[in-house]
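Each remark here refers to the structure printed beneath this line.
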Amino acid sequence: MYQKITIFIACFLVYCAEATSAPPTLIKEWSSAGKQKMALPVDVTLDSQGQVFVLDQDRIPKVHIFSADGKFIKTLLLKEAQLPAGLALDSKNCIYVTDLSRDVILKYSLNGKLLKLWGGYGETKGRLSNPRDIIIGPDDNIYVTDEGNSRVVKYDMSGENILACFRPNDTRFPPTAICLLPDGKLVGLTTFHPYDPILFWNQDATPVKKPSFLRHPDPMGIGILPNGKLLVSSFRSSIIEVDPEAIINDKQYRIRVVYGNPRKIPRQVFCAVAVNKRTGDIYVIDKYGGEVMNFRYPGIEK
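Sequential numbering from 1 applies to the sequence shown in this note's numbering.
Rendered as structure tokens:
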């Protein structure tokens, strides 16, 4: 009898500790890149040293580079880009940008020199329609959301060979934001859909399951925390946390709002998120506020 009570209390305490773990704290925010303010930041990514790269949809598109604590380092001009949307870095710190206007992917050096361009509008192999998000895997393979064609295209590190196309079970759910889980599964979100679908694929491009639904207002950016949970930024100025394994295994799961109030009329638009897995720092882009918000999870561990 006492043993059962003890086990019940222990399980209850573990559940409560997980459900009420400390949310991230806003420690810094910045909107200036040197002497100028950022015009319209839309994406953010980090290099291996924790430096922060911000894509700015200015009249002449730019990438601003900051230290982990927000100190301005330099700005790169992307003169060949017209309407950049996604930003990623490979292991050599080459910069990749998707362009919604030209339906292409552009590869730049760390000095801002254009190294390569591929894509172009269309539905056939090698063509793109509204390429929005882009991520680089640990093997330097490149994943791009091809929103207009309702798929994610996986390229090798050269960008010349297509390795796979990840398609949702339902073409009404075109992926617009993506990330990779630690086990290699690809996760996709569909923005501005009434039910906010979340999609999962194996690396062979087969769907893990039918789409699930976050039912949280307008998710836009997605990242993976060191503890394996997904961090999702929202159009409605909120950040949520959710367990992907619970969704995949059809277990009951809860969405945890760790910042903001999704029911309020948005004053901010959190369009992108990047996670420093070593420090627990997260960087969120407030698109219309024109700033980077730096949060920190206390004591988060793998």
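In this text, a Cβ means the ideal position worked out from N, Cα and C, and glycines have one as well.
Top-ranked residue by Cα proximity to residue i, from the options
i      : options                           : result
TRP118 : ILE162, CYS179, VAL104 and MET220 : VAL104
ASP58  : THR45, LEU40, GLY70 and SER48     : LEU40
ILE95  : LYS71, LEU46 and TRP201           : LEU46
ASP90  : GLY120, GLY184 and ILE134         : ILE134
GLN49  : LYS37, MET293 and ILE65           : ILE65
ARG102 : LYS92, GLN82, ASN93 and THR75     : GLN82
HIS193 : ASP218, SER212, ASP204 and THR206 : ASP218
ASP69  : TRP30, ASP43 and GLY34            : TRP30
PRO211 : THR25, ILE222 and LEU189          : LEU189
Residue burial classification, residue i (beta-carbon count within 10 angstroms, cutoff 16)
i      : result
THR279 : exposed
TYR288 : exposed
LEU163 : exposed
PHE8   : Here the model assigns PHE8 a pLDDT of 32, short of 50, so the residue's position is not dependable, and the following value carries that caveat. So PHE8 ends up on the exposed side.
ILE282 : buried
ALA88  : buried
ALA22  : exposed
GLY184 : exposed
LYS79  : exposed
Enclosing beta strand (DSSP E) for residue i [first to last residue]
i      : result
PRO131 : 131-136
MET177 : In the sequence as presented, Met is not what sits at residue 177; that position holds Ala. Taken as a continuous stretch (DSSP letters only), the beta strand (DSSP E) holding ALA177 covers 177-180.
ALA303 : Past the edges of the chain, shown from 1 to 302, lies residue 303, and the structure says nothing about it.
GLU291 : 291-296
ALA272 : 270-275
LYS154 : 151-155
PHE72  : 72-77
PHE66  : 62-66
VAL54  : 52-56
GLY86  : 84-89
GLU29  : 25-30
TYR195 : Element bounds for TYR195: n/a, residue is neither H nor E.
For the structure I just gave you, are there three or more beta carbon pairs, one from the stretch 272-283 and one from the stretch 50-58, closer than 8 Å? yes
Kindly confirm or deny that the stretch 109-118 and the stretch 169-177 touch, where touching means at least three C-beta pairs closer than 8 Å. no
At what residue ranges does the stretch 212-246 contain a whole run of the beta strand (DSSP E), taking only runs of 3 or more? 219-224, 230-234 and 239-242
Suppose only complete runs of 3+ residues qualify. What are the beta strand (DSSP E) ranges in the stretch 96-123, listed by chain order? 104-108 and 114-119
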